[in-house]
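**Student:**
Residue numbers (the working numbering): 884 to 1407.
1) Just tell me which of 1257, 1261, 1176 has its CA closest to the CA of residue 1218.
2) Does residue 899 come out as helix, strand or coil in the three-state DSSP assignment?
3) Please determine if the segment 1059 to 1079 and the segment 1097 to 1105 are in contact, where contact requires at least 3 C-beta pairs separated by less than 8 Å.
4) Alpha carbon to alpha carbon, how far is residue 897 from residue 864? Give it in angstroms, no decimals.
5) So the beta strand (DSSP E) residue 1077 belongs to, where does it begin and stop?
6) Applying the 10 Å Cβ sphere with the 16-neighbour rule, what's the burial state of residue 1151?
7) Under DSSP, the beta strand (DSSP E) around residue 1055 begins and ends at which residues?
8) Residues bridged to residue 1161 by DSSP?
9) If you draw a straight line from the alpha carbon of residue 901 to that of residue 917, how long is it in whole angstroms?
10) Let's see if you can read the secondary structure: which residues bound the beta strand (DSSP E) around residue 1043?
11) Could you tell me the distance, in whole angstroms, from the CA atom of residue 1266 to the CA atom of residue 1277?
12) Just to confirm my understanding: we take residue 1129, look at its own chain, exclude 5 residues before and 5 after, and list those with CB closer than 7 Å. What are they?
13) Does residue 980 come out as helix, strand or coil in the three-state DSSP assignment?
14) Reducing DSSP to helix, strand and coil, say where residue 1220 ends up.
15) Below 8 Å, how does it come out for the segment 1073 to 1082 and the segment 996 to 1007: are there three or more Cβ pairs, yes or no?
16) What are the boundary residues of the alpha helix (DSSP H) that residue 1084 is part of?
17) Which complete beta strand (DSSP E) runs does the segment 977 to 1020 hold, if anything under 3 residues is left out?
18) Return the CA-CA distance between residue 1296 and residue 1162, expressed in angstroms with no decimal places.
19) Can you list, in chain order, the stretches of the alpha helix (DSSP H) that have 4 or more residues and sit fully within the segment 918 to 978?
20) Take the Cβ of residue 1270 as the centre, count every other Cβ of all protein chains shown within 10 Å, and call the residue buried at 16 or more, exposed below.
21) How many angstroms separate the CA atom of residue 892 from the CA atom of residue 1275?
22) Beta carbon of residue 929, beta carbon of residue 1102: below 7 Å?
23) Using the C-alpha atoms, what's the distance from residue 994 back to residue 988?
24) In whole angstroms, what separates the C-alpha of residue 925 from that of residue 979?
25) On the three-state DSSP scale, how would you describe residue 1104?
26) So for residue 1134, helix, strand or coil by DSSP?
27) So for residue 1035, helix, strand or coil by DSSP?
28) Leaving out the 5 sequence neighbours to the left and right, which residues in its chain are closer than 8 Å to residue 899 when beta-carbon positions are compared?
29) Out of 1171, 1272, 1264, 1273, point me to the one whose CA is closest to residue 1294's CA.
30) Can you round the beta-carbon distance between residue 1042 and residue 1017 to whole angstroms, since I take them to be within the 8 Å contact cut?
31) Can you tell which of 1108, 1089, 957, 1036 has the C-alpha that lies nearest to the C-alpha of residue 1125?
32) Buried or exposed: where does residue 1070 fall if 16 or more other Cβ atoms within 10 Å of its Cβ makes it buried?
33) Out of curiosity, what's the CA-to-CA distance linking residue 1131 and residue 1013?
34) When we look at the beta-carbon of residue 1285 and count the other beta-carbons within 10 Å, is it buried (16 or more) or exposed?
35) Assuming residue 1270 is part of the alpha helix (DSSP H), what are its boundary residues?
36) Once you ignore the five residues that flank residue 1273 on each side, which residues in its own chain have a CB closer than 8 Å to its CB?
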């Protein structure tokens, strides 16, 4: 989502000025709309789309729905969110399946947009959905395009039809026909045809794409476009719409750092929906496009649904239940933790997942400085231990820790920190799994949670002690007692991932309840 990072920051700053206002005047609305217009234009959104968007926002912001709202600022944000969803396409549009397999998908676009890699990503996504896709290499112009598609197909674990070597040799229309026939014969339910691109729109490119379309009659023609292309995106999209008449759009390179707002223009200019988005270089960095979720990301409102879907796809429910049982029985080991960490890495970039949380746009610098290699280093420490040491950390004496440090390329201090934090966290998880309230180092007891442990001990110490009749002195005495309760070792971050520095931030009752419910669910 780095492509929309600057736009997101500008819009978020614009809404800050509204929060202190109990009622919005016409001048307040005009000022906000003016800032939104500037933000969109700086992000390369097409002028016609900007005019239409800001006109609708202004009309609704001056209407009764805002004047009668308890919180006008939030109402304006909601209006902007709804209008963003509208220009991004409204509801999500899924792939159209053929009535009789195979479903034929043709990819079109300029050279450099990432069509060949996108073909592999789409094939892998379909395979993960339980389909049997086959790639067809019809890009016979670009040097080594057929070889690249073959490599991508192998990485995705899907079949490929490539009878011609490419590099200017072969008839793409004939290959396209042959690929569809091959897919039918071998009972593949999807055919993805990768066509040639050019450095710019020309008649030869359009004619070739048009001939392939007529020959295979695809169910979907997806226009693949680089999200960082700028204002040229609009002209290119219009040219392909006239020449090939595509049915949907795929955005690539959404992880880039260019302005990228022209991607917001495509739906409004062409009337064609955005179906998918490519968010990274890996074959797994690919997701269906949800207009409402993308609008929420742009406005820094988070994308919890996508985050949950990614977590569900990576974590094994049966394995999670076993881990929960081990936690309750005090049998959770470093080996179990290693497995959990590897599942977390399998869910994708932790930095990207954190970016899907609401309000993370305000922590842009912290996110940029987050080093995901800390997880790799933690894994290296655990993997340098013997199985017996992972099962029983008490075996880790000085010489063993020195050996582990050398084997992992870390220091003994790093090993000590990991073991200490693991033991603290294991105790906390065990307490929560049994329905208790954990005593978090440096944080004191959880407020409003009742519970066990330290509270009774503190009461027994202070029982019978006469309190001062002076209110100011009594408040000072109570503050001293509270300070003693919370006196503990400095709070460390989880499992050697670096100090958080947030010792005063206490989890809410709702967060603790959700954690307890999640762990308790695995015990049923």
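Quick reminder that beta carbons are idealized off the backbone N, C-alpha and C, glycines included.
**Tutor:** Taking the geometry as given:
1) Indexing the chain shown from 1 puts residue 1218 at position 335. In terms of Cα proximity to residue 1218, the closest of 1257, 1261, 1176 is 1261.
2) The residue you call residue 899 lines up with position 16 of the chain shown. Under the three-state reduction of DSSP, residue 899 is assigned to helix.
3) The segment 1059 to 1079, when compared against the segment 1097 to 1105, does touch it at the 8 Å Cβ threshold.
4) Not covered by the structure: residue 864. The range shown for the chain is 884 to 1407.
5) By one-based count along the chain shown, residue 1077 stands at place 194. Residues 1073 to 1077.
6) Residue numbering aside, residue 1151 sits at position 268 when the chain shown is read from its first letter. The Cβ neighbour count for residue 1151, taken over all protein chains shown within 10 Å, is at least 16; the residue is labelled buried.
7) Within the chain shown, residue 1055 is the residue found at index 172, counting from 1. Annotation for residue 1055: no beta strand (DSSP E) segment contains it, though the alpha helix (DSSP H) segment containing it runs 1055 to 1068.
8) In the chain shown, residue 1161 corresponds to position 278, counting from 1. Answer is 1169, bridged to residue 1161.
9) Within the chain shown, the letter at position 18 stands for residue 901. Within the chain shown, the letter at position 34 stands for residue 917. Roughly 14 Å between the two C-alpha positions.
10) Translated into positions along the chain shown, residue 1043 becomes position 160. Per DSSP, the continuous beta strand (DSSP E) segment holding residue 1043 begins and ends at 1042 to 1044.
11) Position 383 of the chain shown holds residue 1266. Position 394 of the chain shown holds residue 1277. When rounded, the distance between both Cα atoms is 17 Å.
12) The residue you call residue 1129 lines up with position 246 of the chain shown. Sequence-distant partners of residue 1129 (beyond 5 residues in either direction) whose C-beta falls short of 7 Å from its own C-beta, in its chain, are 991, 1104, 1105, 1106, 1123, 1155.
13) Your numbering for residue 980 matches position 97 in the chain shown. Correct three-state label for residue 980: coil.
14) Taking the first residue of the chain shown as 1, we reach residue 1220 at position 337. In the three-state reduction of the DSSP assignment, residue 1220 falls in the helix class.
15) Contact holds: three or more Cβ-Cβ distances are below 8 Å.
16) For this step, residue 1084 is matched to residue 201 along the chain shown. In this chain, residue 1084 is not harboured by any alpha helix (DSSP H), its DSSP state being neither H nor E.
17) Runs of beta strand (DSSP E) with 3 or more residues, each lying fully within the segment 977 to 1020, are found at 986 to 991, 1016 to 1020, listed in chain order.
18) Counting from 1 along the chain shown, the entry for residue 1296 is found at position 413. Counting from 1 along the chain shown, the entry for residue 1162 is found at position 279. Just so you know, the alpha carbons of residue 1296 and residue 1162 end up roughly 37 Å apart.
19) Segments of the alpha helix (DSSP H) lying fully in the segment 918 to 978: 930 to 944, 947 to 950, 955 to 970.
20) Here the question's residue 1270 lines up with position 387 in the chain shown. In the assembly as shown, residue 1270 is an exposed residue. Its beta-carbon has fewer than 16 other beta-carbons within 10 Å.
21) Stepping through the chain shown from its first residue, residue 892 is reached at position 9. Stepping through the chain shown from its first residue, residue 1275 is reached at position 392. A straight line joining the alpha-carbon of residue 892 with that of residue 1275 spans about 48 Å.
22) On the chain shown, residue 929 is found 46 positions in, with the first residue counted as 1. On the chain shown, residue 1102 is found 219 positions in, with the first residue counted as 1. With contacts defined by Cβ atoms closer than 7 Å, residue 929 and residue 1102 do not form a contacting pair.
23) The residue given as residue 988 occupies position 105 in the chain shown. The residue given as residue 994 occupies position 111 in the chain shown. So the alpha carbons of these two residues sit roughly 18 Å apart.
24) Against the chain shown, residue 925 aligns to sequence position 42. Against the chain shown, residue 979 aligns to sequence position 96. Looking at the two C-alpha atoms, the distance is approximately 35 Å.
25) Position 221 of the chain shown holds residue 1104. Look at residue 1104 here: in three-state DSSP terms it is strand.
26) Taking the chain shown and counting its residues from 1, one reaches residue 1134 at position 251. Residue 1134 falls in the strand class under three-state DSSP.
27) In the chain shown, the residue the question calls residue 1035 occupies position 152. The answer is helix: DSSP assigns residue 1035 an H, G or I state.
28) To locate residue 899, count along the chain shown from 1; it is residue 16. Taken in chain order, the list of residues that qualify is empty.
29) Locating residue 1294 in the chain shown gives position 411, counting from the first residue. The shortest Cα separation from residue 1294 among 1171, 1272, 1264, 1273 belongs to 1264.
30) Taking the chain shown and counting its residues from 1, the one referred to as residue 1042 is at position 159. Taking the chain shown and counting its residues from 1, the one referred to as residue 1017 is at position 134. Sure, about 4 Å apart at Cβ, within 8 Å.
31) Residue 1125 sits at position 242 when you count from the first residue of the chain shown. Distance check between residue 1125 and each of 1108, 1089, 957, 1036 places 1089 closest, using alpha-carbon atoms only.
32) Here residue 1070 refers to the residue found at position 187 when the chain shown is read from its first residue. Within 10 angstroms of the beta-carbon of residue 1070 lie fewer than 16 other beta-carbons, which makes it exposed.
33) As a position in the chain shown, residue 1131 is number 248, starting the count at 1. As a position in the chain shown, residue 1013 is number 130, starting the count at 1. If you draw a straight line from the Cα of residue 1131 to the Cα of residue 1013, it comes to about 22 Å.
34) For this step, residue 1285 is matched to residue 402 along the chain shown. Around the beta carbon of residue 1285, fewer than 16 other beta carbons lie within 10 angstroms, which makes this residue exposed.
35) In the chain shown, residue 1270 corresponds to position 387, counting from 1. That run of the alpha helix (DSSP H) goes 1270 to 1274.
36) Stepping through the chain shown from its first residue, residue 1273 is reached at position 390. Cβ contact annotation for residue 1273 (same chain, cutoff 8 Å, sequence separation greater than five): 1216, 1217, 1218, 1221, 1265, in chain order.
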